[in-house]
Amino acid sequence: MAGRSLADFPHFALSDEYQDLRKVVRELSEEKIAPNAAAADEKAEFPQASYDALREMGLNAPHIPEAYGGGGADALATCIVIEEVSRVCASSALIPAVNKLGTVPLLLGGSEQIKQRYLPPVASGEAMFSYALSEREAGSDTASMSCRAKRDGDAWVLTGHKSWITNAGVSRYYTVLAVSDPDGPRGGNVTAFVVEADDPGFSVGPKERKLGIKGSPTREIYFDDCRIPGDRVVGEIGQGLKLALRTLDHTRVTIGAQAVGIAQGAIDNAVDYVKQREQFGRPIGDFQGVQFMLADMAMQVEAARQLVYVAAAKSERVDRDLPFFGAAAKCHASDVAMRVTTDAVQLLGGAGYTQDFPLERMMRDAKITQIYEGTNQIQRLVIARSLLR
Ligand SMILES: Cc1cc2nc3c(=O)[nH]c(=O)nc-3n(C[C@H](O)[C@H](O)[C@H](O)COP(=O)(O)OP(=O)(O)OC[C@H]3O[C@@H](n4cnc5c(N)ncnc54)[C@H](O)[C@@H]3O)c2cc1C
2 MAGRSLADFP HFALSDEYQD LRKVVRELSE EKIAPNAAAA DEKAEFPQAS YDALREMGLN
62 APHIPEAYGG GGADALATCI VIEEVSRVCA SSALIPAVNK LGTVPLLLGG SEQIKQRYLP
122 PVASGEAMFS YALSEREAGS DTASMSCRAK RDGDAWVLTG HKSWITNAGV SRYYTVLAVS
182 DPDGPRGGNV TAFVVEADDP GFSVGPKERK LGIKGSPTRE IYFDDCRIPG DRVVGEIGQG
242 LKLALRTLDH TRVTIGAQAV GIAQGAIDNA VDYVKQREQF GRPIGDFQGV QFMLADMAMQ
302 VEAARQLVYV AAAKSERVDR DLPFFGAAAK CHASDVAMRV TTDAVQLLGG AGYTQDFPLE
362 RMMRDAKITQ IYEGTNQIQR LVIARSLLR
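In the working numbering, the protein residues as written are 2 to 390.
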């Protein structure tokens, strides 16, 4: 140690580059995204103004590599974007998050030709990309899906449906998982395809009426003998489910970031409130009972944030223990978001329960992070599997 200064030791801290990114996204979120958040929720309307603002700054799909016209944000930078947008509007954060979810299968397994064709329009903001794995009867048990893809000469014909597809109807492109070999081995008989919104036989259902993330449309999508050319296959035939699940290892980290952002938004609002709200002749923030709640909330969020960032680094490096960390980050951060937003509503009392403040929206929005991209029970199975292997 002699003769060395602190500067010689590696820091366990975000570099200036990430800190600067956070500052830029926070400013953008507060100025251009927060003002639309309540209306997007109340009217259950896609937040086009948020999309335009994100697009203007190249943040609609920041993860797309520079080679395909994107900003080339790494997994940690993408998490910071999603976290900061979620801090004010969880629905808007699903723009970069689901563009990533939809395109990671192409990035992990797609041919150069398919990447060249589909990634640039998403990077530029001309198009959005959704991810279609779940079905009404096959949610956690994805391998039991019934959507079929049948080869017909050089083309494929898709029949069936997919359920709860985020941003369906707004997205132009969809990564769709379908059984291509009904007699093949369970889980080894699924292929991934890109389907375009104007492909013949493709249609979308009405918007689901939801508890939260109301600004992000969720719909069923239908394939009625939907015919697509053979060059729409992503990765290898029969390997689609593996590709879909590898995708989730990476994108669960972004849901963890969404959860951290929602929870941070709730804490920031609660802190402002308890400083100015007076009862018994003093600000309620003076009461130790309130302070202990705030302290617990902040500790949990900070711990979740650190876990998400470590998982993001593992996603970027594609470490072997990414499945554990992706599941742990998503599961822990979303459980924290649910607890923290519930406590934040409590700290505002009656006001927290009304739409005069964003806390009730944040509490409703937090709930989905425990459900999508695999419920938290499924995350615990993934975690336990990697322990017991
Ligand atoms: C708003 C919204 C957006 C979504 N977006 C997308 C999307 O863009 N693309 C997509 O493909 N899907 C999407 N989904 C689907 C989502 O991923 C599924 O809802 C989720 O994976 C759970 O499936 P399920 O709803 O069928 O629940 P089920 O699988 O029926 O589970 C019901 C309950 O049983 C529990 N359970 C099931 N199996 C087990 C088990 N083995 N051990 C312990 N508990 C178990 C679950 O944890 C849950 O609590 C979205 C869902 C919603 C609500």
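Beta carbons: idealized from backbone N, C-alpha and C, even for Gly.
ask   = With 16 as the cutoff for other CB atoms within 10 Å, does Met2 come out buried or exposed?
value = Residue placement at Met2 cannot be trusted, given a pLDDT of 49 that sits under 50; what the coordinates show is reported in the next sentence. It counts as exposed.
ask   = Where does Met2 sit, in a helix, a strand or coil, going by DSSP?
value = Because Met2 carries a pLDDT of 49, less than 50, the predicted location of this residue cannot be relied on, and no value is offered for it.
key: Gly161 beta carbon near ligand 1 (any heavy atom closer than 7 Å)   = no
inquiry  = Taking the beta carbon of Asn37 as the centre, do at least 16 other beta carbons fall within 10 Å, making it buried, or is it exposed?
reply    = buried
task = Return the Cβ separation of Leu242 and Leu308 in integer angstroms, given the expectation that the two are a contact with Cβ distance under 8 Å.
result = Not really, about 27 Å apart at Cβ, beyond 8 Å.
ask   = Hey, how far is the Cα of Arg149 from the Cα of Arg210?
value = 27 Å
query = Quick one: Cα of Glu31 to Cα of Ile214, how far?
reply = 18 Å
message = By the three-class DSSP mapping on this structure, what secondary structure does Gly111 have?
response = coil
inquiry  = Please give me, in chain order, every unbroken run of the alpha helix (DSSP H) with length at least 4 that falls completely inside the segment 223-286.
reply    = 241-277
task = Confirm the yes/no value for this check: CB of Val99, any heavy atom of ligand 1, distance under 7 Å.
result = yes
query = Does the segment 300-316 come close enough to the segment 350-362 that 3 or more CB-CB pairs lie under 8 Å?
reply = no
ask   = On the three-pair Cβ rule with 8 Å, is the segment 98-109 touching the segment 130-147?
value = yes
task = Assuming Val205 and Ile222 form a contact by the criterion Cβ under 8 Å, report the distance between their Cβ atoms to the nearest whole angstrom.
result = 5 Å
key: Nearest to Phe47 (by Cα), restricted to the options Phe325, Lys208 and Ala328   = Lys208
message = Between Ala314 and chain D, is the shortest Cβ-Cβ distance under 8 Å, so that the two count as touching?
response = Absent here is chain D; the protein component of the structure consists of one chain.
ask   = Given a threshold of 16 other Cβ atoms within 10 Å of its Cβ, counted over all protein chains shown, does Pro63 qualify as buried or as exposed?
value = buried
key: Asp42 - DSSP class collapsed to helix/strand/coil   = helix
Check: Trp157 C-beta below 7 Å from any heavy atom of ligand 1 = no
query = What are the uninterrupted segments assigned as beta strand (DSSP E) that are 3 or more residues long and contained completely in the segment 111-137, given in chain order?
reply = 130-133
message = So, at 6 Å on beta carbons, what are the nonlocal neighbours of Ser93 in its own chain, with the 5 sequence-adjacent residues on each side left out?
response = Ile34, Pro48, Ser51 and Val86
request  = Taking all protein chains shown into account, decide if Leu389 is buried (16 or more other Cβ within 10 angstroms of its Cβ) or exposed.
outcome  = exposed
The segment 75-91 in contact with the segment 19-27 per 3-pair CB rule at 8 Å = yes
For Phe288, the first and last residue of its enclosing alpha helix (DSSP H) = Per DSSP, Phe288 belongs to no alpha helix (DSSP H) and is neither H nor E.
Touching by the beta-carbon criterion (3+ pairs, under 8 Å), the segment 66-73 and the segment 134-148 = no
request  = Return yes when the Cβ of Val337 is within less than 8 Å of the Cβ of Gln301, no when it is not.
outcome  = yes
inquiry  = Quick check for students: name the residue ranges of the beta strand (DSSP E) that lie wholly in the segment 36-105, counting only runs of 3 or more.
reply    = none
task = Spatial neighbours of Cys90 within its chain, please: CB distance less than 6 Å, with the 5 preceding and 5 following residues excluded, ordered by chain position.
result = Ile34 and Ala38
inquiry  = To the nearest angstrom, how far is the alpha carbon of Ile285 from that of Pro122?
reply    = 51 Å
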